[in-house]
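Student: Going by numbering that gives the first Met the number 0, the first residue of the sequence shown is number 0, and it counts up by one from there. C-beta: ideal position from N, C-alpha, C; glycine also.
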Amino acid sequence: MSRRFTATRASGEVYALGEGPVWDPVRQRLLWVDINAGAVHEGRLAPETGTITATTVHTFGAAGNTTGNTTGNTAANTVGAAAVSADGQLVVAEREVLTRVDAAGRRTELARVLPPGAPSRLNDGAIDPAGRFLIGSMALDDREGQEVLARLDGTSCVVLDDDLTLSNGLAWSPEGDRLYSIDSTPHVVWERDYDPATGRTGPRRELFRLTGGMPDGMCADAEGNLWIAIFGGGRVECRDPGGRLLATVEVGAPNVTCPAFAGPDLDVLVITTAAEGADVAEHPGSGHLFTARVGVRGLATPYWAPPR
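1) Three or more C-beta pairs under 8 Å: does that hold for the segment 1-12 against the segment 21-32?
2) Tell me which residues share the same chain as D192 and place their Cβ nearer than 6 Å to its Cβ, disregarding the 5 neighbours each side in the sequence.
3) To which residues of the same chain is P24 closer than 8 Å at the C-beta, ignoring the five residues directly before and after it?
4) Assign N35 to one of three DSSP states: helix, strand, or coil.
5) Just reading off the beta strand (DSSP E) that R243 is part of, what are its end residues?
6) Expressed to the nearest angstrom, what Euclidean distance is found between the alpha-carbon atoms of A38 and E108?
7) So what does S155 bridge to, in DSSP terms?
8) So which of C156, E205, G286 and R142 has the shortest CA-CA distance to R333?
9) Secondary structure at Y14, three-state DSSP: helix, strand or coil?
10) Only counting runs of 3 or more residues, tell me where the beta strand (DSSP E) segments fall wholly within the segment 87-113, in order along the chain.
11) How about the segment 87-98 and the segment 43-53: do they share at least three Cβ pairs that are nearer than 8 Å?
12) Hey, quick one: how far does the beta strand (DSSP E) through A308 stretch, first residue to last?
13) Tell me, please, which residues DSSP counts as bridged to N254.
14) Would you say the segment 148-160 touches the segment 208-226, given that touching needs at least three Cβ pairs under 8 Å?
15) Helix, strand or coil for T73, going by three-state DSSP, please let me know.
16) Got a sec: is the Cβ-Cβ distance from E143 to anything in chain B below 8 Å?
17) Alpha carbon to alpha carbon, how far is V44 from T271?
18) If we call anything under 8 Å between Cβ atoms a contact, is V269 one with R292?
19) CA-CA distance, L165 and E281?
20) Nearest to I181 by CA position, among I134, L113 and T290, is which residue?
21) If you reduce the DSSP assignment to three classes, tell me which class T300 lands in.
22) If we ignore side chains and look at the alpha-carbon of each, how far apart do A12 and G60 end up?
23) Suppose the cutoff is 8 Å on Cβ atoms and the five residues either side in sequence are ignored; what does the same chain contact list for D33 look like?
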């Protein structure tokens, strides 16, 4: 019989499309993004209460712009994901490109992942056990099977998949030898062998499919189980790699986007949600951050290893 938990609203702020929580243990801060606002947020987590206080926001202007000057490119920008290095630098997935933000706030383009003007945008991303950044894309129209999952190796991108529709959550096994990834539109969780030392991957295999909502963001716990946000389902599900349901976290918002373990002991599950597409009058928690204690600890998120 699976366990049941209820998440508590943790933030006062509302995010149109909150996503991608990341815990930074060196600076004891939480990072997350508001995708369509083109923003990376920082905040403080109070582990004893589970409340989150927003402290800083980094905003990004027109698509492809890394200087703050929006002249000449007025396409709306997005920020799909962000990650942090041990010395505090950020890698940010803007609409089409990956951008480095150094400790002084200077921004430089690292790599272009999508062609200029593509009817797609970068979406969810994560750091592999060796410090490489993986990022996926999603279609902004009705195209299917043309999106990518790519890995940043230095300043070059290596494409792992090129047949996705909505590339989403990423996680690794505790040993780092298996990569799990989600394609949300067909509701599939994929698995493949992964060699952190070389980045070499094995063939992709279907692990399981989910129903009752669309699988979105994902993280893994120290026991190797997967915690998956169910967008449109108002919950996070914990499943073992065989697909067996172990636990459910009920969230007071239907559009649940991503979970991550945070706090000094990695024992607080932080959950982002979206106000967009929700009836906020009926579901006033929509767009808030939530937290829950679920009786397990998460895997430490590796730090990004920036190119020299």
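Tutor: The answer reads as follows:
1) no
2) The count along the sequence shown starts at 1 and reaches residue 192 at position 193. Closer than 6 Å at the Cβ level, and outside the excluded window around D192, lie G201.
3) As a working mapping, residue 24 is identified with position 25 in the sequence shown. Same-chain partners within the cutoff: P263 and A299.
4) Position 36 of the sequence shown, counted from the first residue, corresponds to residue 35. In the structure shown, N35 sits in a helix (DSSP, three-state: H, G or I).
5) As a first step, residue 243 must be located in the sequence shown, where it is residue number 244. Element bounds for R243: n/a, residue is neither H nor E.
6) As a first step, residue 38 must be located in the sequence shown, where it is residue number 39. As a first step, residue 108 must be located in the sequence shown, where it is residue number 109. Each residue's alpha carbon lies about 16 Å from the other.
7) Here residue 155 refers to the residue found at position 156 when the sequence shown is read from its first residue. BP columns for S155 point to D152.
8) The first residue shown for the chain is 0 and the last is 307, placing residue 333 beyond what the model contains.
9) Within the sequence shown, residue 14 is the residue found at index 15, counting from 1. Three-state DSSP puts Y14 in coil, outside helix and strand.
10) 89-92, 96-100 and 106-111
11) no
12) Nothing can be reported for residue 308, as the shown portion of the chain is limited to 0 through 307.
13) Locating residue 254 in the sequence shown gives position 255, where the first residue counts as 1. Paired residues: F230.
14) no
15) Taking the first residue of the sequence shown as position 1, residue 73 is located at position 74. The predicted model places T73 with a pLDDT of 46, which falls under 50 and marks its position as unreliable, so this point remains unresolved.
16) Of the protein chains in this structure there is only one, and it is not chain B.
17) In the sequence shown, the residue the question calls residue 44 occupies position 45. In the sequence shown, the residue the question calls residue 271 occupies position 272. A small fix is needed here, since residue 44 is Leu in this sequence, not Val. For L44 and T271, the distance between alpha carbons rounds to 14 Å.
18) For the purposes of this step, residue 269 is taken as residue 270 along the sequence shown, with counting starting at 1. For the purposes of this step, residue 292 is taken as residue 293 along the sequence shown, with counting starting at 1. Against a cut-off of 8 Å, the Cβ pair of R292 and V269 comes out as no contact.
19) Taking the first residue of the sequence shown as 1, we reach residue 165 at position 166. Taking the first residue of the sequence shown as 1, we reach residue 281 at position 282. Looking at the two C-alpha atoms, the distance is approximately 28 Å.
20) Locating residue 181 in the sequence shown gives position 182, counting from the first residue. The option with the nearest alpha carbon to I181 is I134.
21) Here residue 300 refers to the residue found at position 301 of the sequence shown. Of the three classes helix, strand and coil, the one that applies to T300 here is coil, per DSSP.
22) For the purposes of this step, residue 12 is identified with residue 13 of the sequence shown, where counting begins at 1. For the purposes of this step, residue 60 is identified with residue 61 of the sequence shown, where counting begins at 1. Reading off the sequence shown, one finds Glu at residue 12, where the question assumed Ala. If I take the Cα positions, the gap works out to 21 Å.
23) The count along the sequence shown starts at 1 and reaches residue 33 at position 34. Here the set comprises Y14, A15, L16, G17, E18, H40 and V78.
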